[in-house]
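The structure under discussion appears below in the form of structure tokens.
In full-length UniProt numbering, the protein residues as written are 1 to 178.
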């Protein structure tokens, strides 16, 4: 389920680089989604939502034993509050100020695009600096950027995953009844 946390509970936002804590009186905190066991459909939807929040948070150090006490503050939702059951709502999952950059995909201009063979021939090596130290910095920068940029579209992933898992669960439920 999903609940607003009362003001007197100790808390700090689990989003990367977010410094919101219980000391901020104006802040609202929302619990990390838990699994709703009240039915097949609600279980599928809550599992999909929990998975979407995990992907949105993009934290390697966030484990299932922490979900129960994890909170996300209002800074990470467009309207300032999480939307519980409306999967089409942008606030179904945290999407703002997530502590990492999401780079939108750019359309490829086929006429001006280079063939992959130019990269295989080592043409990209010519773009690097002759200074070995700057090459190390560039490699570190590329590693950092790759590890902090999710390779998914949160909204479509959440919607597709929920509808797919609900359909599978409903079909298996029908088969078990028959």
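Glycine included, every Cβ here is placed at the ideal spot set by N, Cα and C.
Under a Cβ-count criterion, where at least 16 other Cβ atoms within 10 Å of its own Cβ denotes burial, should residue i be classed as buried or exposed?
i	result
residue 69	exposed
residue 96	exposed
residue 91	buried
residue 98	buried
residue 63	exposed
residue 82	buried
residue 74	buried
residue 20	buried
residue 79	exposed
residue 44	buried
Return the bridge partner residues of residue i from the DSSP annotation.
i	result
residue 29	73
residue 13	71
residue 21	12
Do you know how far the Cα of residue j is from the Cα of residue i?
i	j	result
residue 12	residue 41	31 Å
residue 76	residue 66	19 Å
residue 28	residue 56	19 Å
residue 37	residue 25	33 Å
residue 87	residue 39	17 Å
residue 89	residue 51	16 Å
residue 100	residue 93	16 Å
residue 15	residue 30	12 Å
residue 47	residue 23	31 Å
residue 18	residue 72	9 Å
residue 60	residue 35	21 Å
Thinking just about the alpha-carbon of each residue, which of the options is nearest to the one in residue i?
i	options	result
residue 84	74, 58, 49 and 25	49
residue 33	88, 54 and 79	54
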